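Written out below as C-alpha cells is the structure these notes cover.
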Amino acid sequence: MAAIQRFPGATLWQTNVGEERMPKAKKNMTPAQKAAARVPEPVEAPAPEPLAVSGRDAEPKVRAKLPKEERRNRLALLIGGLVLLVALSFALYTCNYSHATDEARAALSSTKQTAVSDESGWIAFGDPAAKTGYAFYPGGKVEAESYAPLMHALADEGLFCVLVKSPFNLAFFDTNAADGVLAAYPQVKEWYVGGHSLGGVAACQWAAENASRVKGVILLASYTSTDLTGTGLRFLDIYGSDDQVMNRDNYAESQALLPADAQTVLLQGGNHAQFGDYGAQEGDGEASISAKEQREQAVAAIVEWIGQAAGARDRAA
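Numbering (my numbering), first residue to last: 7 to 323.
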C-alpha cells in the first residue's frame, strides 16, 4: 500500500491504487449507481430556425396602406409634374423659330400698287375684289411675316394673297385656317391654297376635304401626304435644285397621290429657305441664285400657271 500524505483540512479520498478517488458520500455506491453517475445528463439541443420560404408558399408581407386622400394627393402631384414637363418642353420647342428679316418686314407696308392689311388671323396683300385669291400657309416654325416679300410680289401681279398666321408658327395647329379666309372674302371668284414646306402639307390636307371650294393647290418646297387623285384639283409644285431640307423620300412617295395633270417647276440654283426671307436654314443647301431672284422665278411660274387655267377657260367659253 502506498503511503498517504495528509494535509491539514483535506478531504480523505480512497487510497487504494487503481480506484478512482471520490468523496466518502459516494464510496458505498453500488456498481450500477457508479455507472449512472459517470453518464452526463443529456443537453437539450436548440430548436432549428425555420427555413425561409419564397414564391407562392411564402407568407405575404403586409404593407401599410397609405390613406386614400394621401394617395390622391401623390397622384395629383405626379400628373401635375408630367403636365408641367410637357408644357415646358413644348414652350422651348415653339419659342425656337425663324424670324422675319428687316427686309421682309418692309414688305408689310402698303404701296400705291398693292395695299397690305394686317388682320387678326392673317395678312392680306392686294385687292380683295380681285378675281383670283391665294391662301398661303407658312412653313413650320417660321414667322409668317417672312413670306411678305413673296406675297407682295404676287399681289403686284394682280393676285389677291392672304398670308395665314399659324398658332405657335405651326400650320398643323390650324389646318382649317383657309375656312376663315374664304369666308372673309366672298367676292373672290376662285381660290388657290398652298404653302411652303410643312405649311404646304397642311394646306393639302385642307384642300382634300374642301376640293369643291378651291381651284387648285400651289406648293413651294413641299409635297402632299394626302391623296389628291380624283379631287379635280389643279396642282403646281415648285422647288429649288439645291434644297437639302425637303424630305426627298416623302416627296417621291407623294407623286402617287397627285392628280394626273400635276405640274412641277424646278428652279435651278434655288434652295429651301429662299422662298421666304428669314435667313439661312440649318441643313439647307447653298443657293447659287439670290433670294430675290428665286422669288421672282417662283412668282413668274405661279402667274403663268394660273394664266394657263384662265386662258383655257376663256377658250372653252
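Using N, Cα and C, we set each Cβ at its ideal position, and we do this for glycine too.
Every value quoted in this text rests on a predicted model; they were computed, and no experiment measured them.
Residues of its chain near residue i, where Cβ-Cβ distance is below 7 Å and the 5 sequence neighbours each way are ignored
i: residue 25; result: Its pLDDT being 45, under 50, residue 25 is placed unreliably in this model, and the value from its coordinates should be taken loosely. Taken in chain order, the list of residues that qualify is empty.
i: residue 164; result: 136
i: residue 324; result: Outside the shown range of the chain (7 to 323) lies residue 324, about which nothing can therefore be said.
i: residue 181; result: 208, 211, 212
Test item: CB-CB of residue i and residue j under 7 Å
i: residue 284; j: residue 126; result: no
i: residue 179; j: residue 226; result: no
i: residue 289; j: residue 246; result: no
i: residue 141; j: residue 184; result: yes
i: residue 305; j: residue 209; result: no
i: residue 202; j: residue 145; result: yes
i: residue 251; j: residue 287; result: yes
i: residue 166; j: residue 139; result: yes
i: residue 248; j: residue 293; result: yes
Length of the line joining the Cα atoms of residue i and residue j
i: residue 218; j: residue 157; result: 24 Å
i: residue 291; j: residue 143; result: 23 Å
i: residue 103; j: residue 296; result: 22 Å
i: residue 110; j: residue 175; result: 16 Å
i: residue 311; j: residue 224; result: 10 Å
i: residue 193; j: residue 187; result: 12 Å
i: residue 229; j: residue 257; result: 6 Å
i: residue 128; j: residue 191; result: 12 Å
i: residue 91; j: residue 233; result: 36 Å
i: residue 177; j: residue 147; result: 9 Å
i: residue 220; j: residue 82; result: 48 Å
i: residue 170; j: residue 212; result: 13 Å
i: residue 155; j: residue 237; result: 31 Å
i: residue 260; j: residue 239; result: 15 Å
i: residue 198; j: residue 89; result: 39 Å
i: residue 302; j: residue 207; result: 23 Å
i: residue 300; j: residue 173; result: 27 Å
i: residue 265; j: residue 242; result: 10 Å
i: residue 133; j: residue 112; result: 19 Å
i: residue 263; j: residue 204; result: 17 Å
i: residue 278; j: residue 216; result: 28 Å
i: residue 267; j: residue 298; result: 29 Å
Beta carbon proximity, residue i to chain C, threshold 7 Å
i: residue 274; result: Here there is only one protein chain, and chain C is not present.
Same chain only: Cβ atoms within 6 Å of residue i, ignoring 5 sequence neighbours per side
i: residue 122; result: 114, 116, 131
i: residue 271; result: 244, 307
i: residue 195; result: 137
i: residue 168; result: 128, 130, 141, 187
Range of the contiguous alpha helix (DSSP H) that encloses residue i
i: residue 169; result: Residue 169 -> not in any alpha helix (DSSP H); beta strand (DSSP E) instead, spanning 166-170.
i: residue 260; result: 254-260
i: residue 122; result: Counting along the chain, residue 122 falls outside any alpha helix (DSSP H), though it belongs to the beta strand (DSSP E) covering 122-124.
i: residue 264; result: Here residue 264 belongs to no alpha helix (DSSP H), and DSSP marks it neither H nor E.
i: residue 109; result: 108-112
i: residue 190; result: 183-190
Close-in-space but distant-in-sequence residues of the same chain around residue i (CB under 8 Å, 5 per side omitted)
i: residue 313; result: none
i: residue 315; result: 221, 222, 240
Endpoints, beta strand (DSSP E) assigned at residue i
i: residue 272; result: 269-273
i: residue 243; result: 240-246
Distance cut-off 6 Å: residue i Cβ against heavy atoms of the ligand FAD
i: residue 240; result: Annotation note on the ligand FAD: not contained in the displayed structure, which lists no ligands.
*Residue ranges of each alpha helix (DSSP H) within the segment 199-235, 4 or longer*: 204-215
*Taking only runs that begin and end inside the segment 128-177, name each unbroken alpha helix (DSSP H) of 4 or more residues, in chain order.*
154-162
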